[in-house]
Structure formats: C-alpha cells, structure tokens
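Read the structure below first, then the notes.
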C-alpha cells in the first residue's frame with residue numbers, strides 16, 4: 392500500500408494531469424488510487440488487496456491502470472469534459488479487444504456532441520464503442536408534446552373517416568385493430584426515419600404508432 396500511495400496519491404506525479412481527463416478526484420484524497428484498485432480488481436478491492444498483501448511491488452496495478460488510460464487516450468483522441476468519471480475500467484474490459492479507428496471515433500464524437508437531439512453526452516463514448524447501436528445510451532430527445540398532439544390529430548382526422556386505424560401499421564395489417572382508433576395516450580411518437588439513420592426529431596419526421604407497434608419497430 393505504501394508503494395501504491397507513492398504512485399497514485401502523489402500530487403507531484405507528472406501523470407496527474409493526464410489522469411484527470413478521465414478520472415474524477417484528486418491525489419490527495421487517494422481517488423486515483425481507489426480507481427486503480429477498482430479497475431484491476433474488477434470491483435473487488437478488498438479481495439484484491441487481501442490476495443496481494445504480501446507483494447513487494449505494484450507492477451500489476453500500474454500496468455493495468457496504464458493500459459486502461461493508454462487505451463482510452465488512443466481510441467478517443469478528442470478529450471471532452473464528459474469523459475471524466477466514466478466507467479473506463481469496465482469499458483476497457485468489454486471493448487479493448489476490438490479495433491476502433493481513432494479517426495472514425497473522433498468523427499463520431501464530434502458529430503454526436505454537436506447533435507441537439509443527444510441529451511446524454513456522456514453516453515457517446517460507449518455508444519461508439521458498441522458499434523453505434525444502443526441509442527438509449529444517448530437519451531435521444533423525443534418529440535415535444537405539441538408536436539405529438541398535432542400529429543395525432545392529423546392522423547386521426549385523416550384516417551377515421553376512411554374506417555382506417557390511426558396507427559399506420561395497424562391500418563395496413565389484417566388483424567382486429569385494422570380500423571381501431573387509438574386514444575392519444577395509447578400511442579407513442581415515432582421517428583419515420585430512425586434517428587440513428589439520420590432522421591431528426593422534427594414534426595415532419597414524426598408519426599404516431601400504437602404502443603405495441605412502436606416498441607416492436609425499434610430503430611428499423
């Protein structure tokens with residue numbers, strides 16, 4: 392522990408500035424040391440310390456910690472404030488074996504950081520690492536209530552006189568709901584063109600679907 396404190400709790404360590412881009416805390420409060428132990432132990436700090444209490448060096452601890460930091464700084468060459476405090480140890484374990492082109496990652500970070508529909512900028516990094524599939528990480532802004540109500544009214548007024556459901560997917564089906572008119576609270580707003588494929592959260596890209604169809608549609 393003395394050796395570990397000398398490395399991670401030393402405010403004069405020249406690496407502090409680099410570490411601070413990814414880790415919340417300070418050397419004086421031993422928060423870099425805590426993070427290093429958390430990463431190498433996969434969350435079981437007590438068990439790790441017990442198993443290594445007789446070690447006369449901190450080589451494993453330093454090597455693992457530096458591997459995580461080096462991986463992050465190599466994959467994401469743009470340092471954003473939102474990177475600080477993320478679960479980099481977990482992300483390293485999940486994704487370091489997969490090659491991610493730094494330029495593609497940089498382009499992605501810039502793109503999503505500038506997108507007003509992205510309300511969780513901290514989720515950008517894991518979103519990109521995971522192949523840009525899990526849009527829940529970004530907490531993409533949904534349609535405003537006035538837009539949803541206007542779209543609901545437009546669809547209902549157009550379809551009800553024709554004996555068609557105001558859910559466009561029910562209307563083209565063959566089930567019992569083919570002519571059902573749903574109430575507003577029985578429907579969800581949906582991106583006609585999925586946000587993940589370039590569709591924005593504007594009125595012209597909004598359609599109301601019954602809850603069942605909207606949840607089944609996903610990002611398709």
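Numbering (the numbering used here), first residue to last: 392 to 611.
Where is the CB? At the ideal position from N, CA and C, for every residue including glycine.
Remember, it's a predicted structure, so these values are computed and weren't measured experimentally.
Rounded to whole angstroms, the separation of the alpha carbons of residue 441 and residue 434 is 14 Å. Separation of residue 476 and residue 530 (C-alpha to C-alpha, rounded to the nearest whole angstrom) is 18 Å. 484 is the residue among 484, 400, 538, 550 whose C-alpha sits nearest the C-alpha of residue 462. Assignment of beta-bridge partners to residue 601 by DSSP yields 578.
In this structure, the alpha-carbon of residue 586 lies about 27 Å from that of residue 555. Scanning the segment 470-500 from its first residue to its last, the whole alpha helix (DSSP H) runs of 4-plus residues come out as 479-486. One thing to note: residue 573 has its Cβ no nearer than 8 Å to the Cβ of residue 597. With contacts defined by Cβ atoms closer than 8 Å, residue 528 and residue 514 form a contacting pair. Scanning 533, 413, 423 for the CA closest to the CA of residue 474 turns up 413. Residue pairing by DSSP puts residue 531 in a beta bridge opposite 509. In the three-state reduction of the DSSP assignment, residue 514 falls in the helix class.
Linking residue 465 to residue 605 through their CA atoms gives a straight-line distance of about 39 Å. Here residue 418 carries a coil assignment [DSSP, helix/strand/coil]. In the assembly as shown, residue 431 is a buried residue. Its beta-carbon has 16 or more other beta-carbons within 10 Å. In this structure, residue 423 keeps its C-beta atom at 8 Å or more from the C-beta atom of residue 405.
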